[in-house]
Amino acid sequence: MFLNPAYLIICYICIHRGASEQVQSVHDVKQTLPLPSQDHGFPKSSEREKQINETTRDPPERPLQLVRPDATHKKLELVQENIQYLLKMDQAVAVVAVVGKYHSGKSFLLNQLMGKQTQLGFRVGPYLRPETMGIWMWGKPTRMTLSSGQDVAVIFLDTEGFAANNVSETYDAKVFAVSALLSSYLIYNSVKVIDQADLDYLELLARRTQLFALRSQLSRAKWAQDFNHDLLSFPPLLWVVQDFVQSLDSDDTASDPKKWLHHMMQSMAWEGEDHPISLMDVFQSVDCRTLFFPATTKEILQDLSKAKESDLTIDYRQERDELIKGLKAGLVPKEKNGKLLGGPEMASLLNVLVTAANEGSLSQIPSRWSSFIQSLEQSAVEDCLKFYEADMSILLGIHDNGPINTEELKAWQDQALGKSLKLLHQVLFGLHGILDGASNSLEEQLRTRAEQVQDLNDKKIRLACSEIQHRCELEVEAALSQLELPMRSQDFTQTFHSIRNQASHSFENQLARFNTSNHFRDHLSKLHNSLQKMKDSSTLKNTRALENVLLVAREKALGLYRETTINPDPEPLTPKELDRQNKLGEEKAVELFINEASLAVDEPGYKLHSAALKSEMKDEEEKCRMKNENLLKAACHRKILEVMEHIKESTDSNHVVLPLNETDLTDRLTTALDRAKAMYQDAMHDFISSQVYHSGVMELDRRLQALCAQRRQDNVEAYSREVEAPLKVAKQVSLLSVDNYETVFSTTRFIRKVCLLNLNEGKPKNWPSDLKASIIDLFIQSDPDLQRVIRSRQGFWSSLIGFFQWIMSLFR
2 MFLNPAYLII CYICIHRGAS EQVQSVHDVK QTLPLPSQDH GFPKSSEREK QINETTRDPP
62 ERPLQLVRPD ATHKKLELVQ ENIQYLLKMD QAVAVVAVVG KYHSGKSFLL NQLMGKQTQL
122 GFRVGPYLRP ETMGIWMWGK PTRMTLSSGQ DVAVIFLDTE GFAANNVSET YDAKVFAVSA
182 LLSSYLIYNS VKVIDQADLD YLELLARRTQ LFALRSQLSR AKWAQDFNHD LLSFPPLLWV
242 VQDFVQSLDS DDTASDPKKW LHHMMQSMAW EGEDHPISLM DVFQSVDCRT LFFPATTKEI
302 LQDLSKAKES DLTIDYRQER DELIKGLKAG LVPKEKNGKL LGGPEMASLL NVLVTAANEG
362 SLSQIPSRWS SFIQSLEQSA VEDCLKFYEA DMSILLGIHD NGPINTEELK AWQDQALGKS
422 LKLLHQVLFG LHGILDGASN SLEEQLRTRA EQVQDLNDKK IRLACSEIQH RCELEVEAAL
482 SQLELPMRSQ DFTQTFHSIR NQASHSFENQ LARFNTSNHF RDHLSKLHNS LQKMKDSSTL
542 KNTRALENVL LVAREKALGL YRETTINPDP EPLTPKELDR QNKLGEEKAV ELFINEASLA
602 VDEPGYKLHS AALKSEMKDE EEKCRMKNEN LLKAACHRKI LEVMEHIKES TDSNHVVLPL
662 NETDLTDRLT TALDRAKAMY QDAMHDFISS QVYHSGVMEL DRRLQALCAQ RRQDNVEAYS
722 REVEAPLKVA KQVSLLSVDN YETVFSTTRF IRKVCLLNLN EGKPKNWPSD LKASIIDLFI
782 QSDPDLQRVI RSRQGFWSSL IGFFQWIMSL FR
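Residue numbering for the sequence shown follows our numbering, starting at 2 and increasing by one per position.
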């Protein structure tokens, strides 16, 4: 079969017009900057300042068209009024450009990189026609701190998609060359996979750009003399594959996207040629990132301008954030003579590149015939893929894009696969040279798509299981929150078992379609584990509540015991009364504890709290006894004072006339002591078993003995007053002869002798000798003159002689 080359060319051009890009209206104004001059390719100083002053407003938060196609859509034109915004950027700038086939999601990707809602960023359209014309930048640069710590203003460029209808490959190459050489970081955007055609097409563009850069450098004589041709070097390349759902190989050659891309470039070569893909030799570095589907609903995927941050899938957001981190790490601003470029330098470079591109510096590389046949094959395969997708969408619609039973999905996929292969044979009828390859390619892609759908359906099943699990957990939490705690542990266990069974049955009934899935079993197990944790937590709360019941019951019982055993009177209770009171308090407290803690009677802590209550009551009983003992001490003390007051009164001078002979005084005092002890014993008889009682007896006896001693002293003093005259005479005699005695001992003995001689001459002659001795000692101690004489005899030598005199007196 013979194929017309012109027909193949048309097919090739049509097939390379891929998927969606945005629309921005093309300005009718066809105004360009002047051709390069000696001053960075721009007008001279005065004219340039005039142009800048005409645009005094700040960069707007909207897209600005920098380069537009001319009326023939073959050449590029600078949009001068928007170039002015570049001229006003005096800070260091870095350019990030996104290139790729039209309607492949470049504008949506740029909005995600800038962190802008789609409605507020570059426009994203739902239609198949291309929407971005020329080169656009976002008006207000994005401030960014690079991994080197350098703060730069990042300019994001959105470019016209490649392979659009009625647009030549040379025009695509111009847009690519200007964008690539202007950029500090170039992002090549594709969808779903990277295949040989993508690599071929990108290398065609790169080779043309490489020759364009070389020819531009050779013609730099017409540029400003300080232009640095190193500015025309290629930037790092980042290949972004959107809507990527395949799993990468586990071997080292394709374990991550970068290795996968490098491996493809190393293993693929031009058909019929020996050299491999050389992109890694063209660009400073080549990296690759993949992005999952941004959404799972058909409505959002058809028109991503409606997508909000919350609509994006978790996998997409995670991979997008990693992409932004990689962008910051790999972004290196262009330099000129060791200095980072600012906006004016970027505007100058853009002018140079557009001018060079329009002057024909772009090399024309002819297309390859083998690509045309491949394009025909690809077109048929794509149509069959669309048929397959449409057939699969029926099943998805039946289930409202929700999860599908695995067996049902597999059966429907096999049926759709058979229909698509049959359709391919009908479409390529007669083209036996490509039919087998197309069939194999279609079947491989359909099986890959089937695996993607299965993977996505598997995620939906997992998500459904997770949602139902979470819902059941919330229902159990609500049921547990309504339980009135505390409750008996046995009752709580039975109640929770019923709640748990209801939750398990609810989970199994709602997900009965997926009960053979591993996700069903995993999430059912997770549900049981979660419910067990809820049980443990609620059991702990119930146990604490029961413990609080026991604690409150114990405190109430102890409080009742204290109220019952309190003694409001200041008088002590008798031992019998105290025992009876404590026993009554204990009985009431135990009864109250049993009633208050009846809910926890079967709990392990019941006996512990019961024993603790008894121990605390013992402590309270001991405190009551100590308090009663203190009251008893006070009572004994009051009684002792009362008895002593009575005895003092009965033995004072009003009742006992002194002086009195010793025998009568002793009898009177003995009688008083016996009467005092009898009064104390009669009053405190009920406490005779207490140690406090006996201590009181001893204290009373001590006080009585002191009173007796005082009364005897009073009696001596009374006798002294009876013999006051003879003692004064004895004093005068002693003072006349005291100079004959040098020691305290001899002087005192002399005075005693003189006093005794005077007493024996009168009425006291027949008084007892010890009475007379006491009267004489009292007289000597109370007379100041005699005491002065005795003190005058004190001293070491006098004491020594007096000691020997005392010793000698003992032997006489």
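A virtual CB, placed ideally from N, CA and C, is assigned to each residue, including glycine. Just so you know, these numbers come straight off a predicted model, no measurement behind them.
Just verifying my parser: in three-state terms, what is the DSSP assignment at residue i?
| i | result |
| --- | --- |
| Asn759 | helix |
| Arg501 | helix |
| Ser482 | helix |
| Phe245 | coil |
| Val602 | coil |
| Glu743 | coil |
| Val734 | helix |
| Thr517 | coil |
| Pro660 | coil |
| Ser38 | Model confidence at Ser38 stands at a pLDDT of 34, short of 50, so the residue's coordinates are unreliable; what they give is reported in the following sentence. Three-state result, Ser38: coil. |
| Ile791 | helix |
| Ile301 | helix |
| Leu574 | coil |
| Val333 | coil |
| Arg63 | coil |
| Thr652 | coil |
| Asn402 | coil |
| Leu292 | coil |
| Leu397 | helix |
| Leu728 | helix |
| Val287 | strand |
| Trp240 | strand |
| Leu475 | helix |
| Lys340 | strand |
| Arg450 | helix |
| Asn631 | helix |
Whose C-beta lies closer than 8 angstroms to the C-beta of residue i among residues of the same chain, with five residues either side of it excluded?
| i | result |
| --- | --- |
| Glu50 | With a pLDDT of only 45 at Glu50, under the threshold of 50, the placement of this residue in the model should not be trusted, and no figure is reported. |
| His520 | Asp459, Ile462, Arg463 and Cys466 |
| Leu410 | Leu396, Val454, Gln455 and Asn458 |
| Thr749 | Ile781 and Ile791 |
| Pro70 | Val27, Lys76, Leu77, Glu78, Met134, Gly135, Glu161 and Tyr172 |
| Thr496 | Leu484 and Met488 |
Please list, in chain order, all residues of the same chain as residue i whose beta carbon is under 6 angstroms from its beta carbon, the five residues on each side excluded.
| i | result |
| --- | --- |
| Thr575 | Asp687 |
| Leu559 | Glu617 |
| Gln414 | Ala451 |
| Ser507 | Cys473 |
| Lys193 | Asp244 |
| Pro60 | Tyr86, Gly140 and Lys141 |
| Phe493 | Asn543 |
I'd like the list of long-range same chain contacts for residue i, defined as Cβ closer than 7 angstroms, with 5 residues on each side in sequence excluded.
| i | result |
| --- | --- |
| Met145 | Val153, Val155 and Lys329 |
| Leu422 | Ser440, Leu443 and Glu444 |
| Ser858 | Missing from the structure shown is residue 858; the chain here goes from 2 to 813 and no further. |
| Ile424 | Looking at the sequence shown, residue 424 is not Ile but Leu. Excluding sequence neighbours, Leu424 sits near Cys385 and Phe388. |
| Glu587 | Tyr562 and Met618 |
| Leu262 | Ile195, Trp240, Val287 and Cys289 |
Pull up the CB-CB distance for residue i and residue j, whole angstroms please, since I reckon it's below 8 angstroms.
| i | j | result |
| --- | --- | --- |
| Phe245 | Thr298 | Actually they do not touch by this definition, with Cβ atoms about 18 angstroms apart. |
| Leu342 | Ala93 | 7 angstroms |
| Leu280 | Glu204 | 6 angstroms |
| Asn583 | Thr566 | 6 angstroms |
| Leu642 | Ala677 | At roughly 12 angstroms, the Cβ-Cβ gap does not stay under 8 angstroms, so Leu642 and Ala677 are not in contact. |
Any heavy atom of the ligand GDP closer than 7 angstroms to the Cβ of residue i?
| i | result |
| --- | --- |
| Glu485 | No copy of the ligand GDP occurs in the structure displayed, which carries no ligand at all. |
Legend entry - Stretch-stretch touch, CB-based, cutoff 8 angstroms, three pairs: the region 538 to 548 with the region 479 to 489: yes
Inset, instruction - Spell out a yes or no on whether the region 98 to 105 and the region 181 to 191 are touching, meaning 3 or more CB-CB pairs, one atom from each, closer than 8 angstroms. - result: yes
Inset, instruction - Answer yes if the region 466 to 476 comes into contact with the region 519 to 534, meaning at least three C-beta pairs across the two stretches below 8 angstroms, and no otherwise. - result: yes
Inset, instruction - Just list the beta strand (DSSP E) runs in the region 99 to 175, keeping only unbroken ones of 3 residues or longer that don't cross its boundaries, in chain order. - result: 136 to 139, 143 to 146 and 152 to 160
Legend entry - Three or more C-beta pairs below 8 angstroms linking the region 564 to 578 and the region 628 to 647: yes
Inset, instruction - Determine contact between the region 350 to 360 and the region 306 to 319, defined as no fewer than three beta-carbon pairs at a distance below 8 angstroms. - result: no
Inset, instruction - Could you tell me whether the region 725 to 742 touches the region 773 to 793, using the rule of 3 or more Cβ pairs below 8 angstroms? - result: yes
Inset, instruction - Would you check if the region 652 to 665 and the region 704 to 722 touch, i.e. whether three or more CB-CB distances between them fall below 8 angstroms? - result: yes
Legend entry - Three or more C-beta pairs below 8 angstroms linking the region 754 to 768 and the region 794 to 807: no
Inset, instruction - Take every Cβ of the region 255 to 267, pair it with every Cβ of the region 280 to 294, and state whether three or more of those distances are shorter than 8 angstroms. - result: yes
Legend entry - Cβ contact (3+ pairs, closer than 8 angstroms) linking the region 643 to 650 and the region 687 to 697: no
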